[in-house]
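Notes to accompany the following structure.
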Amino acid sequence: MRFSTFFFSGTGNTWWVAREFSRLVQELGHEAQYYSLENKAIHDSEFLKTVFNESDAIGIAYPIYGSTLPKIMWQFLDELGQLDFSKLSNACKVGYTLTSVALFSGDGALVPRKKMKILGLQLQGAMNFQMTSNLSVPFFRYNPVSMEKLESRKNRNRKKMRKLILRLSKGKKCMEGRNPLLIFVGWLQRIFGEKEISLISKYWSVDRSKCTQCLLCVKDCPTNSIEYIDDKFIFHKSCTACMRCYNRCPSSAIQIFNRTADPDKYRRFHGPGEGFKIKDLR
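Each residue of the sequence shown is one higher than the one before, starting from 111 at the first, in my numbering.
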């Protein structure tokens, strides 16, 4: 069985989920590939059709944003919707979602079910994997967990992944988030969170007294939403709220609501370890 996973990761958590899932798929005797949405090559229509044609199971992996998907993943699903998969062999395929969460998710792994169905993907697997926070922001000072605790979570995640892979390979479902209470919680999160996330580009700024003009924020932005023009930083609406600029700014100059949490007390998240580098997200 061949599994193909398309992922987006702002600061590394979902990269780890997609990579480890693919590694375990291979360990269990199947084929697996994982593709970053930041890789321009995957947006070629012929490439996408080839992946769909050759795969038995196709999944998406993304960080949970208030029980929903980041904007960049929604846009990718819309992009797939523009392609004609009707002539591909074995058109109706197994679909699955893998999410990374800091605390919990309501029904965030189930949200894209309708979009996936339009693409001929019947959602058979949906699972959340707790990693750590990348949100050490002034109004939500939630530090990343220690590497020791993160390793413990990774081990639990591997067990969940094995269960998911085994069930999918046997044609069985493995779904999280179907509890009515979780669905209600997810609905509440989306009601109150989606608008704020969509407006986040208005909230970013740069503390010029700290900024060294290294322009890593401009270079590393996955959606090219930050520009430096005429000695000014401009944040565009295309921002997908991935927190990469905030976490990776070497001088902690990126601000939200014109504030930033004290980096000595509230650590920035620099990735899940295991040799992770920002280039792994491209």
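A virtual CB, placed ideally from N, CA and C, is assigned to each residue, including glycine.
**Asked** In this structure, what does DSSP give as the bridge partners for LEU391?
**Response** Bridge partners of LEU391: none, in fact.
**Request:** Specify, as a first and last residue, the run of the alpha helix (DSSP H) that ASN238 falls within.
**Result:** No alpha helix (DSSP H) holds ASN238; the beta strand (DSSP E) holding it covers 231-240.
**Request:** Pull up the distance between the alpha-carbon of ARG133 and that of ALA371, whole angstroms please.
**Result:** Using only the alpha carbons, I get a separation of about 36 Å.
**Item:** Same chain, Cβ closer than 6 Å to ARG112, five either side skipped, listed in chain order
**Value:** Excluding sequence neighbours, ARG112 sits near GLU141, SER165 and ASP166.
**Asked** Which of helix, strand or coil does DSSP assign to ALA128?
**Response** The three-state secondary structure of ALA128, taken from DSSP, is helix.
**Asked** Out of curiosity, what's the CA-to-CA distance linking TYR206 and SER348?
**Response** Taking the straight line from one Cα to the other gives about 26 Å.
**Request:** Along the beta strand (DSSP E) that carries VAL204, what are the first and last residues, could you check?
**Result:** Where VAL204 is concerned, the enclosing beta strand (DSSP E) starts and stops at 203-211.
**Message:** Strictly by DSSP, which residues pair up with PHE162?
**Reply:** PHE162 pairs with nothing; no bridge assigned.
**Prompt:** Using a Cβ-Cβ cut-off of 7 Å (strictly less than) and excluding sequence neighbours within five positions of ASN149, which residues of its own chain qualify?
**Reply:** Cβ-Cβ distances below 7 Å link ASN149 to ARG392 in the same chain, with the five nearest sequence neighbours on each side left out; the list follows chain order.
**Asked** So, are the CB atoms of SER210 and SER177 less than 7 Å apart?
**Response** Contact check for SER210 against SER177 fails: the beta carbons are separated by 7 Å or more.
**Prompt:** How many whole angstroms separate the CB atoms of ASN253 and ARG377, which I take to be in contact at a CB cut-off of 8 Å?
**Reply:** About 5 Å separates the two Cβ atoms, so the contact holds.
**Prompt:** DSSP state of PRO254, grouped into three classes?
**Reply:** In the three-state scheme derived from DSSP, where H, G and I count as helix and E and B as strand, PRO254 is classed as coil.
**Message:** Per the DSSP calculation, GLU337 is bridged to which residue(s)?
**Reply:** For GLU337, which the question treats as bridged, DSSP gives the partners ILE344.
**Prompt:** Closest by CA to GLU130, which one among TYR313, ASN267 and LEU231?
**Reply:** Among TYR313, ASN267 and LEU231, the Cα nearest to that of GLU130 is on ASN267.
**Item:** Residues near PRO180 by beta carbon distance below 7 Å, same chain, minus five either side
**Value:** Hits under 7 Å: PHE118, TYR172, PRO173, THR350, ALA351 and CYS352.
**Prompt:** Taking the alpha helix (DSSP H) that PHE186 falls in, what are its first and last residues?
**Reply:** For PHE186, the enclosing alpha helix (DSSP H) covers residues 181-191.
**Asked** Does the count of Cβ pairs from the segment 329-340 and the segment 270-288 closer than 8 Å reach three?
**Response** Cβ pair count under 8 Å is below three, so no.
**Message:** Let me check one thing: in DSSP terms, what residues is PRO173 bridge-paired to?
**Reply:** DSSP lists SER210 as partners of PRO173.
**Prompt:** From SER114 to GLY235, what distance separates their C-alpha atoms?
**Reply:** It is roughly 13 Å from the alpha-carbon of SER114 to the alpha-carbon of GLY235.
**Beta carbon of SER243 nearer than 7 Å to that of ALA219** = No, Cβ-Cβ distance for SER243 and ALA219 is not below 7 Å.
**Asked** So what's VAL247 in DSSP terms, helix, strand or just coil?
**Response** The answer is strand: DSSP assigns VAL247 an E or B state.
**Item:** Reduced DSSP category for ARG378 - H, G, I as helix; E, B as strand; rest coil
**Value:** Correct three-state label for ARG378: coil.
**Per DSSP, the bridge partner or partners of PHE294** = BP columns for PHE294 are empty, so no partner.
**Message:** Quick check on DSSP: helix, strand or coil for SER215?
**Reply:** In the structure shown, SER215 sits in coil (DSSP, three-state: anything other than H, G, I, E or B).
**Message:** Looking at the secondary structure, which residues open and close the alpha helix (DSSP H) in which ARG358 lies?
**Reply:** First-last of the alpha helix (DSSP H) with ARG358: 354-358.
**Prompt:** In whole angstroms, what separates the C-alpha of ARG223 from that of ILE344?
**Reply:** Each residue's Cα considered, the two are about 35 Å apart.
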